[in-house]
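*Asks:* Under my numbering, read the sequence shown as residues 10 to 259, first letter to last.
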Amino acid sequence: MDTKPMIVVTGASRGIGAAVCRKLARAGHPVAVNYATSHDAAERVVAEILAAGGRAAAFPGDMGREADIVGLFTAAEAALGPLGGLVNNAGITGPLSRVADITPAILERVLAVNVTGCFLAAREAIRRLSTKMGGNGGVIVNIASRAAGLGGAGEWVHYAASKGAVETFTIGLAREVAGEGIRVNAVSPGLIDTDIHASAGAPDRVARLAAGVPLGRAGSADEVADAVQFLMSDQAAYITGAILPVSGGR
Ligand code: NAP
10 MDTKPMIVVT GASRGIGAAV CRKLARAGHP VAVNYATSHD AAERVVAEIL
60 AAGGRAAAFP GDMGREADIV GLFTAAEAAL GPLGGLVNNA GITGPLSRVA
110 DITPAILERV LAVNVTGCFL AAREAIRRLS TKMGGNGGVI VNIASRAAGL
160 GGAGEWVHYA ASKGAVETFT IGLAREVAGE GIRVNAVSPG LIDTDIHASA
210 GAPDRVARLA AGVPLGRAGS ADEVADAVQF LMSDQAAYIT GAILPVSGGR
């Protein structure tokens, strides 16, 4: 296994983030496994990586809070060495809600985690990676959503709009730091079989919508992680500002 620089993966105790950690570790990166509350699940991801010969450690932190974001990067570098990249994966839908019923509390929380958290984690990464700030360059991959293009009508326009912000952020940031040795891309998953649907209050959502996906099924967290790993790798050396749908055509 090559020795590669450490990657911070936010929201990595379950679902897509956990799959990304396993793949990046297998590719030789030490990985910082961030989680909000699922300590045991995050430790299980770490244990799997260690058992496979990789390096990883778990770090709590609410990606909706600046102090936690700053603390995550400091703790991760102290434990696992200099940063080489960031996967901005932590994200929440908030509860299902039509716009007519939306509340400031839902909007504030979804935007705090999905948008402000994404910006601030990227800020912490850039300060460490930028060749203009003494770093060696690196890669940021943001996890957006096909909801950004589909709009989320009747379910979560608030969530879809937050992911639209992630996509625009990806394009702008990619251009802003291209001359500083940092590539920035996004993966835009479609309907992926994880806990996120049940957490939003729609446990049957994947079963209900899978047949309507052009490829005829929901995707897996592993299939999203493959795309993240590609964008993180040198095989994607000439790719920046891209938004890659991993959505079975949805
Ligand atoms: P998931 O199964 O619900 O897992 C969410 C992960 O994020 C968990 O590890 C959770 O930690 C963590 N998390 C939640 N809030 C956090 C916070 N404030 N700070 C730090 N970590 C936090 O979700 P998923 O489906 O894997 O989604 C991952 C990303 O993909 C999200 O950005 C989501 O919007 C995006 N996405 C998912 C789909 C899909 O269909 N699944 C489609 C498009 C985009 P705890 O375990 O500690 O709560």
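Glycine is no exception: its CB is placed at the ideal position from the N, C-alpha and C atoms.
Can you tell me whether arginine 23 sits near the ligand NAP, meaning its C-beta is under 7 Å from at least one heavy atom of the ligand?
*Replies:* Here residue 23 refers to the residue found at position 14 of the sequence shown. Checking the Cβ of arginine 23 against the ligand NAP gives yes.
*Asks:* If we require 4 or more residues per run, which alpha helix (DSSP H) segments fall completely within the region 48-86?
*Replies:* If we require 4 residues or more, the alpha helix (DSSP H) runs fully inside the region 48-86 come out as 48-60.
*Asks:* Would you say isoleucine 191 and leucine 138 are within 8 Å of each other, going by their C-beta atoms?
*Replies:* In the sequence shown, the residue the question calls residue 191 occupies position 182. In the sequence shown, the residue the question calls residue 138 occupies position 129. Yes, the pair counts as a contact, with Cβ atoms nearer than the cut-off.
*Asks:* Say the cut is 7 Å; is the CB of serine 154 nearer than that to a heavy atom of the ligand NAP?
*Replies:* Numbered from 1 along the sequence shown, position 145 holds the residue referred to as residue 154. Yes - the ligand NAP has a heavy atom lying nearer than 7 Å to the Cβ of serine 154.
*Asks:* In terms of residue numbering, what span does the beta strand (DSSP E) encompassing proline 254 cover?
*Replies:* Here residue 254 is taken as the residue at index 245 of the sequence shown, counted from 1. Looking at the DSSP string, the run of the beta strand (DSSP E) that includes proline 254 is 252-255.
*Asks:* Name the residue from His38, Arg53, Gly73 whose alpha carbon lies nearest to the alpha carbon of glycine 64.
*Replies:* The residue given as residue 64 occupies position 55 in the sequence shown. In the sequence under discussion, the amino acid at residue 64 is arginine, which differs from the glycine named in the question. Among His38, Arg53, Gly73, the Cα nearest to that of arginine 64 is on His38.
*Asks:* Going straight from the alpha carbon of serine 242 to that of alanine 45, what length do you get?
*Replies:* The residue labelled residue 242 in the question sits at position 233 within the sequence shown. The residue labelled residue 45 in the question sits at position 36 within the sequence shown. Spanning the two alpha carbons is a distance of roughly 27 Å.
*Asks:* So alanine 153 packs on isoleucine 16, CB below 8 Å; how close in whole Å?
*Replies:* Taking the first residue of the sequence shown as 1, we reach residue 153 at position 144. Taking the first residue of the sequence shown as 1, we reach residue 16 at position 7. Alanine 153 to isoleucine 16, Cβ: 18 Å. No contact.
*Asks:* Less than 8 Å between the C-beta atoms of threonine 249 and alanine 230, yes or no?
*Replies:* Taking the sequence shown and counting its residues from 1, one reaches residue 249 at position 240. Taking the sequence shown and counting its residues from 1, one reaches residue 230 at position 221. Not a contact, by the Cβ cut-off of 8 Å.
*Asks:* For proline 14, does the three-state DSSP call read helix, strand or coil?
*Replies:* Here residue 14 refers to the residue found at position 5 of the sequence shown. Coil, per DSSP.
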